[in-house]
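Chains as they are written, first to last, in our numbering: chain F, 2 to 155; chain D, 2 to 155.
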């Protein structure tokens, strides 16, 4: 659908794609207060989670879980937040967001008003860690994939 | 854990429990703007989604999906929102929320500031539908459960 932002664009920095999904790190204005914000986005234009079959859901959750584990391993967040909302863009996508006790919205959701000023030093330090986190995300997702016949010739 | 609100209390109007989870309809102040707000709550005190095994996740997602389908069938929402945040209460629970184009936050998440006044008439009509939705939720969850030996004597 050409009028759907997630059919038209990657929806962030593209890190990985496969199994009917792609994984991006969010790169819009939403990341100012929560830079470690990843998305697992369906390749197909489908709106609701319950439109998927159980095997399709299991595949999506394996990817979401791999991203969450990579975030936990590399960033040691206070909490990981998962959400599939899609009100603005009804194309199925999971937000996977590392949250920190010092972030300006915590413990409220990232969509709530800020409760305190941004901690510029900690935000800068977190942003510096993101390439390492990106690499861990990609490694975790690659590890999930079934090797292709070419990789296992016999 | 006695200091955990979701270990201590049901966390809403208890509708169903089984398979290591319970399902409630939220009944706190958060429902003023979004009354069709359900939660699928882990019986055990576990914080992160990726702490669960794949079979445990599949069980949880079957319950979340059943709740979502019951909401869609009875309320015909504009969109269903799913989220597992747990910043305030780090005890794994899924929010399953029916959203409507007319609700005061839409299309923003329910945690964002209101964009318009509440539509009191539509909210009242929605609240009147909730017992029917509750019953559909329970029926859908019961249908997922393995029949007990008593129900299948031979």
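Beta carbons are placed, not taken as given, at the ideal position from N, Cα and C, and that holds for glycine.
Counted within 10 angstroms of its Cβ, other Cβ atoms place residue 76 (chain D) as buried (16 or more) or exposed: Working through the second chain from its first residue, we reach residue 76 (chain D) at position 75. Buried.
Residues from the stretch 106-122 of chain F in contact with chain D, defined by Cβ distance under 9 Å: 106, 107, 108, 109, 110, 111, 112, 113, 114
Neighbouring residues, chain D, relative to residue 57 (chain F) (Cβ below 7 Å): For the purposes of this step, residue 57 (chain F) is identified with residue 56 of the first chain, where counting begins at 1. Chain D residues near residue 57 (chain F): none, gap ~11 Å exceeds 7 Å.
Residue 54 (chain F) burial status per 10 Å Cβ neighbour count (16 or more: buried): Numbered from 1 along the first chain, position 53 holds the residue referred to as residue 54 (chain F). Flag for residue 54 (chain F) reads exposed.
Nearest-angstrom Cβ-Cβ length linking residue 48 (chain F) and residue 112 (chain D), presumed shorter than 8 Å: Position 47 of the first chain holds residue 48 (chain F). Position 111 of the second chain holds residue 112 (chain D). Actually they are not in contact, since the Cβ atoms of residue 48 (chain F) and residue 112 (chain D) sit about 21 Å apart, beyond 8 Å.
Alpha carbon of residue 27 (chain D) to alpha carbon of residue 130 (chain D), nearest angstrom: By 1-based counting over the second chain, the position of residue 27 (chain D) is 26. By 1-based counting over the second chain, the position of residue 130 (chain D) is 129. Going from the Cα of residue 27 (chain D) to the Cα of residue 130 (chain D) covers about 15 Å.
Meets three-Cβ-pair contact criterion under 8 Å: the stretch 101-110 of chain F and the stretch 59-68 of chain F: no
Residues of its chain near residue 35 (chain D), where Cβ-Cβ distance is below 8 Å and the 5 sequence neighbours each way are ignored: In the second chain, residue 35 (chain D) corresponds to position 34, counting from 1. For residue 35 (chain D), where only same-chain residues beyond five positions count, the Cβ hits under 8 Å are 98, 99, 100, 104, 106, 111.
Separation of residue 87 (chain F) from residue 57 (chain D), as counted between CA atoms: Counting from one through the second chain, the residue named residue 57 (chain D) turns up at place 56. Counting from one through the first chain, the residue named residue 87 (chain F) turns up at place 86. Going by the C-alpha atoms only, they are around 25 Å apart.
Sub-9 Å separation of residue 72 (chain D) and residue 138 (chain D) beta-carbons: Indexing the second chain from 1 puts residue 72 (chain D) at position 71. Indexing the second chain from 1 puts residue 138 (chain D) at position 137. The answer is yes: Cβ separation under 9 Å.
Distance, residue 5 (chain F) Cα to residue 61 (chain D) Cα: The sequence position of residue 61 (chain D) within the second chain is 60, counting from 1. The sequence position of residue 5 (chain F) within the first chain is 4, counting from 1. Answer to the nearest angstrom: the Cα atoms are 30 Å apart.
Residue 168 (chain F) classed as buried or exposed, judged by whether at least 16 other C-beta atoms fall within 10 angstroms: In the structure displayed, chain F extends from 2 to 155; residue 168 (chain F) sits before or after that span and is not available.
Whole-angstrom C-beta distance between residue 17 (chain D) and residue 42 (chain D), which should lie under 8 Å: Sequence index remark: in the second chain, residue 42 (chain D) carries index 41 (1-based). Sequence index remark: in the second chain, residue 17 (chain D) carries index 16 (1-based). About 11 Å separates the two Cβ atoms, so there is no contact after all.
Alpha-carbon spacing of residue 126 (chain D) relative to residue 82 (chain D), whole angstroms: Position 125 of the second chain, counted from the start, is the residue given in the question as residue 126 (chain D). Position 81 of the second chain, counted from the start, is the residue given in the question as residue 82 (chain D). The straight-line gap from Cα to Cα measures roughly 20 Å.
Backbone CA spacing between residue 9 (chain D) and residue 78 (chain F) [nearest angstrom]: In the second chain, residue 9 (chain D) corresponds to position 8, counting from 1. In the first chain, residue 78 (chain F) corresponds to position 77, counting from 1. Computed Cα separation, rounded: 26 Å.
Contact set between the stretch 66-87 of chain F and chain D, restricted to residues whose Cβ is under 7 Å from the partner: 66, 69, 70, 73, 80, 81, 82, 83, 84, 85, 86, 87
Proximity below 9 Å, CB of residue 63 (chain F) to CB of residue 124 (chain F): Here residue 63 (chain F) is taken as the residue at index 62 of the first chain, counted from 1. Here residue 124 (chain F) is taken as the residue at index 123 of the first chain, counted from 1. Contact: no.
9 Å Cβ cutoff, residue 63 (chain F) in contact with chain D: Within the first chain, the letter at position 62 stands for residue 63 (chain F). Closer than 9 Å to some Cβ of chain D, the Cβ of residue 63 (chain F) qualifies, so yes.
Residue 25 (chain F): first and last residue of the uninterrupted beta strand (DSSP E) it sits in: Within the first chain, numbered from 1, the residue matching residue 25 (chain F) stands at position 24. That run of the beta strand (DSSP E) goes 22-26.
Close Cβ partners of residue 157 (chain F) (< 7 Å) along its chain, the five nearest in sequence each way excluded: Past the edges of chain F, shown from 2 to 155, lies residue 157 (chain F), and the structure says nothing about it.
Closer than 9 Å to chain D by CB, residue 91 (chain F): In the first chain, residue 91 (chain F) corresponds to position 90, counting from 1. It does; some Cβ of chain D falls within 9 Å.
Short Cβ contact (9 Å threshold) for residue 92 (chain D) with residue 39 (chain D): For the purposes of this step, residue 92 (chain D) is taken as residue 91 along the second chain, with counting starting at 1. For the purposes of this step, residue 39 (chain D) is taken as residue 38 along the second chain, with counting starting at 1. No.
Residue 120 (chain F) to residue 80 (chain F) span [Cα, whole Å]: For the purposes of this step, residue 120 (chain F) is taken as residue 119 along the first chain, with counting starting at 1. For the purposes of this step, residue 80 (chain F) is taken as residue 79 along the first chain, with counting starting at 1. Taking the straight line from one Cα to the other gives about 18 Å.
Within 9 Å, strictly: CB atoms of residue 33 (chain D) and residue 134 (chain D): Along the second chain, read from residue 1 onward, the residue named residue 33 (chain D) stands at position 32. Along the second chain, read from residue 1 onward, the residue named residue 134 (chain D) stands at position 133. Not a contact, by the Cβ cut-off of 9 Å.
Own chain partners of residue 15 (chain F) with C-beta closer than 7 Å, once the 5 adjacent residues on each side are dropped: Start at 1 with the first residue of the first chain, and residue 15 (chain F) comes out as number 14. For residue 15 (chain F), where only same-chain residues beyond five positions count, the Cβ hits under 7 Å are 23, 25.
Close-in-space but distant-in-sequence residues of the same chain around residue 19 (chain F) (CB under 8 Å, 5 per side omitted): Here residue 19 (chain F) is taken as the residue at index 18 of the first chain, counted from 1. If we look at residue 19 (chain F) and ignore the five residues flanking it on each side, its Cβ neighbours are 142, 146.
Residue interval of the beta strand (DSSP E) (run including residue 81 (chain D)): Residue 81 (chain D) sits at position 80 when you count from the first residue of the second chain. Residue 81 (chain D) -> beta strand (DSSP E) spans 80-85.
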